[in-house]
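Participant:
Protein chains in written order, with the working numbering: chain A, 6 to 316; chain B, 19 to 284.
So, in structure tokens, the structure goes:
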């Protein structure tokens, strides 16, 4: 469990994180989303005690991170896969981290295997691809078998095999009751791996919800219809209070009616239909709408502050 | 909840073992110290071989300092070695992993100082004694006014000067580490290590009088004083105060680093 209370970080003139509060619960993969510069990395660094908050606090497993005696046994983190000394072997890199928390060589071998890099354990890290460095960073996060795991862009640089692997790993870790917190830009990836999302923009929390709730909060989706008599069909659908927009590539984007209703209308009037595709709302669409929303929020000040946020 | 209780001794040992793994697992450690050894011994042999025995002034000729003359330059390697022990972590970003694994940053710094300092001390002593014996071997073949130029460890002040030279390299290692921890950038820290020489030049230029006391606080000259058996330059500190000056430099820089390390974001 990670609890962030009224967390604020101010650098000279910018407010990087602004009175942010949220809770990351065990047993879920929680996505941490936001545009560049939203304050994701700053927040992660404050969770790990690397940056000191200007005000507010973070509790990890009910304690402050800096007071943990062997933190790796409670919290594992991958912040930057490139943050390794290129001259050190993968095994030595993990060993020096493990030793600082009283973790033995046996566990180093185990995490090398879990991450699938045991074959290159004695090779210098400088020669690793980004994908292999990601695996090394994930191995380091797993060293202490921690109940809380924090990953910043873990999919970066991974090949399709690696992506499959990390999806399985994240959900397995959450399935074991651990708290899994994943910052990412990749909406399609988060849609697959995350159960919950925390969305921030401009240092503020803008949503904290399950992925399903979050997606529903965005645009409701629509139906794409192609027909040689598009104009006639559009008129009939508009009569039934549907909103019909002609797409630039041809075809009609219909919202307010579902595919069966559109199909019945077309059939009743002998209008041929070449394509009828239900387009479900996506995480990405909901996210884009919300991020645009923060732009609006900045423009009209007070208005929509609490939208989707925790009370 | 802060996890299981772990004794302070166990925590300290964990940190020392971890820092030792870091130090021994990169090639630059061996390259720096072996390079320093080769250079120090080589320069010592060369200096001894080029001593002119005609009209030798026995009041100023220092057989110990002659054999250790390579250490004047090699100290830079030790300073850089100390600085890199921490700036390499800042340069790569590894420092965040280190401080996330051990939030007690002063303990990390202390462990790093202990391990890096110990490596600097052992290497410094080995290099000093090797350069001394190499130089004396050459000097033993030379004579002036019927006397052999070489000395042995049993002669007055010799053991102190040779062991003291190794100690000085240990101090410079810690000075480098302190500067590295304060500056947190490799290039800046290396430039700061170079200030050890520049400090001596500046003090020399500003206080040229032979009886000036300003030179008593110059690190480079404290090192020269410790590693010589003839104290013929009046503005060098005496041997006991030279040791005190050395310790003060390392202590002040490491204390400053320790003060700053918890006050800055990693």
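Note that beta-carbon positions come from the ideal geometry of N, C-alpha and C, so glycine has one too.
(1) Taking all protein chains shown into account, do 16 or more other C-beta atoms lie within 10 angstroms of the C-beta of residue 84/A, making it buried, or fewer, making it exposed?
(2) Find the residues of chain A that neighbour residue 228/B, judging by a C-beta separation of less than 8 angstroms, and give them in chain order.
(3) Touch check for the stretch 58-73 of chain B and the stretch 86-100 of chain B: three-plus C-beta pairs under 8 angstroms?
(4) Could you pull out every residue in the same chain whose Cβ sits closer than 6 angstroms to the Cβ of residue 156/A, ignoring the five residues on either side in sequence?
(5) Is the stretch 145-158 of chain B in contact with the stretch 65-78 of chain B, if contact means three or more CB pairs nearer than 8 angstroms?
(6) Tell me which residue opens and which closes the alpha helix (DSSP H) that residue 238/A is part of.
(7) With burial defined as no fewer than 16 other Cβ atoms inside 10 Å of the residue's Cβ, what is the status of residue 232/A: buried or exposed?
(8) Could you give the distance in angstroms between the alpha-carbon of residue 74/B and the alpha-carbon of residue 186/B?
(9) For residue 25/A, write down the residues that DSSP places opposite it in a beta bridge.
(10) What separation, rounded to the nearest whole angstrom, lies between the Cα atoms of residue 258/B and residue 243/B?
(11) By the 7 angstroms beta-carbon criterion, what residues does the stretch 103-120 of chain B contribute toward chain A?
(12) What are the residues of the stretch 37-68 of chain A that lie near chain B, defined by any Cβ-Cβ distance shorter than 8 angstroms?
(13) Please classify residue 131/B as buried or exposed, where buried requires at least 16 other C-beta atoms within 10 Å of its C-beta.
(14) Return the Cβ separation of residue 12/A and residue 48/A in integer angstroms, given the expectation that the two are a contact with Cβ distance under 8 angstroms.
(15) Assuming residue 226/B and residue 252/B form a contact by the criterion Cβ under 8 angstroms, report the distance between their Cβ atoms to the nearest whole angstrom.
(16) Under 8 angstroms, with one C-beta from each stretch per pair, do the stretch 181-196 of chain A and the stretch 30-44 of chain A reach the 3-pair mark?
(17) Taking the beta strand (DSSP E) that residue 203/A falls in, what are its first and last residues?
(18) Any Cβ of chain B within less than 8 angstroms of the Cβ of residue 87/A?
(19) How many angstroms separate the CA atom of residue 283/B from the CA atom of residue 290/A?
(20) Give me the DSSP bridge partner(s) of residue 7/A.
(21) Going by C-alpha distance, which of 144/A, 172/A, 16/A, 118/A is nearest residue 36/A?
(22) Under 8 angstroms Cβ to Cβ from residue 47/B, same chain only, skipping five residues before and after it: list those, please.
(23) Spell out whether any CB of chain A is found under 8 angstroms from the CB atom of residue 283/B.
(24) With DSSP as the reference, please indicate the residues paired to residue 20/A in a beta bridge.
(25) Whether or not the stretch 32-39 of chain B and the stretch 117-131 of chain B are in contact is what I'm after, with contact meaning three or more pairs of Cβ atoms, one per stretch, closer than 8 angstroms; do they touch?
(26) Is residue 183/A helix, strand or coil by DSSP?
(27) Looking only at DSSP bridge pairs, what is residue 155/A linked to?
(28) Give me the subset of the stretch 167-184 of chain A whose CB atoms are less than 9 angstroms from a CB atom of chain B, sorted by chain position.
(29) Using CA atoms only, rank isn't needed, just tell me which of 78/A, 125/A, 137/A is closest to residue 87/A.
(30) Just to make sure I have the definition right: I need the residues of chain A whose C-beta is within less than 8 angstroms of the C-beta of residue 24/B. Which are they?
(31) Leaving out the 5 sequence neighbours to the left and right, which residues in its chain are closer than 7 angstroms to residue 38/B when beta-carbon positions are compared?
(32) In terms of DSSP beta bridges, what is residue 251/A paired with?
(33) Looking at the secondary structure, which residues open and close the alpha helix (DSSP H) in which residue 196/B lies?
(34) Could you say if the stretch 50-58 of chain B and the stretch 99-117 of chain A meet the contact criterion of at least three C-beta pairs nearer than 8 angstroms?
(35) Could you name the residues of chain B that residue 100/A contacts, counting a contact when the two beta carbons are closer than 7 angstroms?
(36) Span of the alpha helix (DSSP H) holding residue 65/B?
Facilitator: The structure says:
(1) Using a 10 angstroms sphere on the CB of residue 84/A, the tally of other CB atoms reaches 16 or more, which defines it as buried.
(2) Per Cβ cutoff of 8 angstroms: no residues; residue 228/B is ~48 angstroms from chain A at best.
(3) With a cut-off of 8 angstroms, the stretch 86-100 of chain B and the stretch 58-73 of chain B count as touching, because enough Cβ pairs lie within range.
(4) Once the five neighbours on either side are set aside, the close Cβ partners of residue 156/A are 83, 187.
(5) These segments touch.
(6) Segment 235-244, the alpha helix (DSSP H) holding residue 238/A.
(7) A residue is called buried when at least 16 other Cβ atoms come within 10 angstroms of its Cβ; residue 232/A meets this threshold and is buried.
(8) Those two C-alpha atoms are separated by around 28 angstroms.
(9) BP columns for residue 25/A point to 12/A.
(10) For residue 258/B and residue 243/B, the distance between alpha carbons rounds to 9 angstroms.
(11) Within the stretch 103-120 of chain B, contact with chain A at the beta-carbon level (separation under 7 angstroms) is assigned to 106, 110, 111, 112, 114, 115, 117, 118, 119, 120.
(12) Here the close residues are 50, 53, 54, 55, 56, 57, 66, 67, 68.
(13) With 16 or more other Cβ atoms within 10 Å, it is buried.
(14) Indeed, because the Cβ distance is near 7 angstroms, the residues count as touching under 8 angstroms.
(15) Not quite, the Cβ-Cβ distance comes to about 12 angstroms (not below 8 angstroms), so this is no contact.
(16) They touch, by the three-pair rule.
(17) Going by DSSP, residue 203/A is part of the beta strand (DSSP E) stretching over 201-206.
(18) Any Cβ of chain B closer than 8 angstroms to the Cβ of residue 87/A would place that residue at the interface, and such an atom is present.
(19) Cα to Cα, the separation comes out at about 36 angstroms.
(20) The partner list for residue 7/A (beta bridge, DSSP) reads 29/A, 65/A.
(21) Ranking 144/A, 172/A, 16/A, 118/A by Cα distance to residue 36/A puts 172/A first.
(22) Within the same chain, residue 47/B has close Cβ partners 41, 99, 137.
(23) Yes - at least one Cβ of chain A is within 8 angstroms of the one on residue 283/B.
(24) Its beta-bridge partners are 15/A.
(25) A contact is defined here as three or more CB-CB pairs under 8 angstroms, and the stretch 117-131 of chain B meets this definition with respect to the stretch 32-39 of chain B.
(26) Residue state, collapsed to three classes: coil.
(27) DSSP, once it has assigned bridges, lists 82/A, 186/A as partnering residue 155/A.
(28) Per Cβ criterion, the list is empty.
(29) Comparing Cα-Cα distances from residue 87/A to each of 78/A, 125/A, 137/A, the minimum goes to 137/A.
(30) Neighbours of residue 24/B on chain A, chain order: 74, 75, 107.
(31) So the list reads 133, once near-sequence residues are dropped.
(32) According to DSSP, which records beta bridges pairwise, residue 251/A is partnered with 257/A.
(33) Boundaries of the alpha helix (DSSP H) around residue 196/B: 176-201.
(34) Using a Cβ-Cβ distance cut-off of 8 angstroms, the stretch 50-58 of chain B and the stretch 99-117 of chain A are not in contact, since fewer than three pairs of beta carbons, one from each stretch, lie closer than that value.
(35) Per Cβ cutoff of 7 angstroms: 39.
(36) It spans 45-67 - the alpha helix (DSSP H) in which residue 65/B sits, taken as one unbroken run.
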